[in-house]
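Undergrad:
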Amino acid sequence: MSFAIYDLEDDVRRLLNIDNFLDGLTPNDFVEELSKDHILKGAEVNSLEYLDPKPYIRTFESTLRHLKQLADEAHERREIAAKQVEDYELSHSKSVLKLSSEVEQIVAQFDNLDTEISSITEKIDPLNQALNKITNSRDRLIETIFLIRSYHGFYTKEKYEPLEKLRTAKDSQLKMKCAKTVNNLLVLAKKINSLIGNIPKVSKCVTTIEKYGETMEQALVERFEIASEDNDFEEMSEIAKVLFDFNGGSSVVSAFMNKSDLFLEDASGEDEGVFSIIDDEKIWAQLADPNELPHNVFEDEATDHLLNKLKVSVKGQSRIVQQVFEQPVPVLKTMVQRVYAQMLQNRVSTLLLFAQQLGALAHVRILHALYVLVGDFTKDMKEFFVTNDFDDNNEIGSNLDQCYHDLFIEYTTDNFFFKIEKEMLESTIFDIAQEFVQNNEKALQKKELELKLLDHENETSALNMAAVGTQQPQPEKHKFFSDKRRLNKFKEYVKVRLPEGLSSNRDPGLVPQMKAVIKITDARIVLKMAIESVARILELAPAKSPELSLEILEMLVLDFGGLYVGGGLEVAYDRARQELMGVAQTQDPNFDYLKIFNLTSEVLLLLSSCIKKIILPCTVNNPAVRSRMISLTNGFVQRCETSLNLILECLVEFVTLRLNHSLQKQKKKDFICDKIDAIQDYTEVCEELSDFIVHLHALMKKDLNDANLNNVLIKIGMILLNLLLDHFKRFGVNSTGGIVLTQDVIRYQSVIESWEIPELSERFQILREISNLFTVQPNLINSLITEGHLATLKVSTVRQYISKRTDFSPSYMEIIFGRK
């Protein structure tokens, strides 16, 4: 059977090629390509499409036959290629073996050659050394001959033409030779003069050579200056090399500095349109005011403008130095030193001297601002020199640090600036304390609180010793009025400010109420000044910051705390004692001394925060100083708390006496009456006592914080309760009087319940139960005393209350208590 009609088309045959099989088509795409022409060859039978499979089958069979032929051909090619690879590998191996033997022969020949070269080199080296020695000797001989002839020329003719030709030559190497010769000539002439003695002609020769050298140097310097004006850096560099070889280059460096734009500018920095802080009275007033804290005082000011110009100029001149001088580092160091000593020193000194006239605070503030400003300038310069590879060995950086240090050495040496700091802080504290002490001198002179504190501390120490059995190291004691040295210093300050001193003739009754209490604003001012001082210490004397910060803390605790805070507590205690002595007076007390509680608490909070967050971190590497700081602070805080407790004791004692005094006004007939007063709900004593307690609570609520208020109210409430419990045992009560007593009790309870202390309100319920003992029928008393709070009382106590009933009869006492 013939399959020609289903033979593959040319397009398909091109795809079935070993060199480009399928031409990138996938198998699926290839099958579709084979059968695309057979889809149109179907027919319809009974209106249905009919697919003829023969064309597909024949085409696929032809494709398979062709693929088999390709497979056979590929297999044959693969076998041929494998045979060729084997032949090539064999040939390559033979070539490698042959080359290996040849390489070994070459290596052996090279080793022999290397040995022969080494042998020849060993023989030639001594000859080379001898030749170099001869050459050097010849050069030195030529230089010596030229030197001697030059000396002879100056000795005989006061000149030497060959040397002059070298000086006037255009070649820089010849100029350098002239400079070197003149330098050696000076050494030779001076040595001859010293050996021979004072021969006029020899001495004149020395003078002539010196003048010649000066002439040569001056001419070169003048040419250097001309080249500098023309920005001819190449000629400047050549002249610099000559003069550095001649005498170290000091003259050319000086000439460069004098012609530099850096030093030709106005050193004052006060250009047109740039304001100077010296002319700004407002800024100086702020700097001298503790209540003000001016920031960026040099922003857009002449000093800042000067430093900005110097940054640009120094950077520009440094690049010129790098082009002109072979060794730029020494020149740059000289330039930096001159910038600080000539341009910055004048400005800094002027500002500090001006600030000194306005007081210690303005002085240290300007000092700190300048130190930071110039410090930033120094850091910028150091970074520039390192970044631009001027200062690989940190020579310029060290020089900058030294210049920066020298600029403020007057203040940093022996911590001189800190003496100004202490003067400023002491002045601030003493100014604040002075008025307070003056207005409250009589109260402070009594030292009642101080003596009470001393007794308290001695009692505590004795109890501790008795408990332990041996003497224990005592914590550091703090006196509010500091030690004698600090107190005397304060007195001297007062004498200077107030020639008449502290007058003891001031009438305490004339002292305004606000003068008798400390002020939070004063505490904030002092703490702000202390924080500023610590910041300046960290900048100006970081190595000494622990010790200096301790001195700041001592001034806060012993000076401000002793004179002002302690003085405030002393005055409050004196007021409390005065009110205690006048407890019998009829008018209501004002308890103005209670203000000290919130004020002291707030001051202690501010002081503790300042110490914890600002001062203590300065001692992180000094445990001994840190321990001292903590001891001082804790001792001061503890002493303040003890003082407040002693003032509260006075208050409680006053309240106790006042309550007793009011209760003593109770009349015997108040609870034995025939009828109830329709106008008055409770007795006069109850009214007086209740009004006093309400008044007391209102004052305490205003001046005490929640914790202190709650504790004091509980203490006062329990005192009132115990007084009332004892009070009701003393008065006879009839049935109508029992109702009056119940009304009094209800009033007391309502007052206590307004305090919103649940446990105290619960305790006062017993008063209501006791009042019921006087109002119920005798046969119900037994049920009352077995329930509630009365069940907790002793039988003897209950009998005392029942015995005050006017209808009390011993006959039914046995009935009530018979089971007990």
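Residue numbers (my numbering): 1 to 820. Don't be surprised by glycine CBs; every beta carbon is placed ideally from N, CA and C.
(1) State the DSSP-derived secondary structure class of Arg730, mapped to helix, strand or coil.
(2) Let me know if Val96 comes out buried or exposed under the rule of 16 or more other beta-carbons within 10 Å of its beta-carbon.
(3) Below 8 angstroms on the Cβ atoms is my contact criterion, and I expect Ile239 with Phe224 to pass it. Report the Cβ-Cβ distance as a whole number of Å.
(4) Go ahead and label Arg78 buried or exposed: buried means 16 or more other beta carbons lie within 10 angstroms of its beta carbon, across all protein chains shown.
(5) From the DSSP output, in three-state form, read off Gln800 for me.
(6) Quick check on Phe275: buried or exposed, where buried means 16 or more other Cβ atoms within 10 Å of its Cβ?
(7) Could you check how far apart the C-beta atoms of Ile537 and Ser549 are, in whole angstroms? I think they sit under 8 angstroms.
(8) With contact counted as at least three CB pairs below 8 angstroms, one residue from each stretch, are the stretch 393–401 and the stretch 315–335 in contact?
(9) Who are the near neighbours of Asn722 in its chain, counting only those whose CB is closer than 7 angstroms to its CB and skipping five residues on each side?
(10) Is it right to say Pro200 is buried, meaning 16 or more other beta carbons lie within 10 angstroms of its own, or is it exposed?
(11) For Phe774 and Arg805, which I take to be in contact (beta-carbon distance under 8 angstroms), what is that distance rounded to the nearest angstrom?
(12) Taking Trp284 as part of the alpha helix (DSSP H), name the residues at either end of that continuous run.
(13) Drop a sphere of 10 angstroms on the beta-carbon of His363, count the other beta-carbons inside from all chains shown, and report buried for 16 or more, exposed for fewer.
(14) For Lys477, is the classification buried or exposed, using 16 other Cβ atoms within 10 angstroms of its Cβ as the cut-off for buried?
(15) Nearest-angstrom Cα distance between Leu709 and Lys702?
(16) Does the distance from the CB of Gln317 to the CB of Ser237 come in under 7 angstroms?
(17) What first and last residue would you give for the alpha helix (DSSP H) that runs through Gly566?
(18) Would you decide whether Met841 is buried or exposed? Buried here means 16 or more other CB atoms lie within 10 Å of its CB.
(19) Measuring alpha carbon to alpha carbon, tell me which of Asp670, Val751, Ile429, Pro542 ends up nearest Leu696.
(20) Give me the residue from Lys544, Ser194, Arg763, Phe597 with the minimum Cα distance to Ile615.
(21) Give every residue of the same chain whose Cβ lies closer than 8 angstroms to the Cβ of His351, excluding the five residues on either side of it in the sequence, and list them in chain order.
(22) I need the straight-line Cα distance from Phe325 to Phe385, nearest angstrom please.
(23) For Lys165, tell me which candidate among Lys175, Leu663, Ile142, Lys613 has the shortest Cα-Cα distance.
(24) Measure the beta-carbon distance from Val565 to Cys650 and round it to whole angstroms, keeping in mind my assumption that it falls under 8 angstroms.
(25) Can you give the Cα-Cα distance for Phe480 and Ala433, rounded to whole angstroms?
(26) Runs of 4 residues minimum, wholly inside the stretch 377–446: which ones carry the alpha helix (DSSP H) assignment?
(27) Classify Ala535: buried if its beta carbon has 16 or more other beta carbons within 10 angstroms, exposed otherwise.
(28) When the Cα atoms are used, what is the spatial distance from Asp807 to Asp574?
(29) Would you call the stretch 619–631 in contact with the stretch 576–593, where contact means no fewer than 3 C-beta pairs closer than 8 angstroms?
(30) Under the assumption that Gly562 contacts Thr600 (Cβ atoms under 8 angstroms), give the Cβ distance between them as a whole number of angstroms.
(31) Could you give the distance in angstroms between the alpha-carbon of Ala443 and the alpha-carbon of Ile552?
(32) Flag Leu790 as yes if its beta-carbon sits less than 7 angstroms from any beta-carbon of chain D, otherwise no.
(33) Would Leu604 pass as a contact of Val637 if the rule is Cβ separation under 7 angstroms?
(34) From Met343 to Thr387, what distance separates their C-alpha atoms?
TA: Quick answer:
(1) coil
(2) exposed
(3) 4 angstroms
(4) exposed
(5) helix
(6) exposed
(7) 6 angstroms
(8) yes
(9) none
(10) exposed
(11) 6 angstroms
(12) 281–287
(13) buried
(14) Confidence in Lys477 is poor, its pLDDT being 49 and thus under 50, which makes the residue's placement too unreliable to answer from.
(15) 9 angstroms
(16) no
(17) 566–581
(18) Nothing about residue 841 can be read from this structure; the chain reaches only from 1 to 820.
(19) Val751
(20) Lys544
(21) Looking at the sequence provided, one finds Leu at residue 351 rather than His. So the qualifying residues of the chain are Ile277, Ile278, Thr303, Ile366, Leu370.
(22) 16 angstroms
(23) Lys175
(24) Between Cys650 and Val565 the Cβ distance is about 19 angstroms, and since that is not below 8 angstroms, they are no contact.
(25) Here Phe480 scores only 49 on pLDDT, less than 50, and its place in the model is too uncertain to base an answer on.
(26) 395–407, 409–412, 416–439, 441–446
(27) exposed
(28) 51 angstroms
(29) no
(30) Not confirmed; about 14 angstroms, so no contact.
(31) 28 angstroms
(32) Absent from the structure: chain D. Only one protein chain is present.
(33) yes
(34) 25 angstroms
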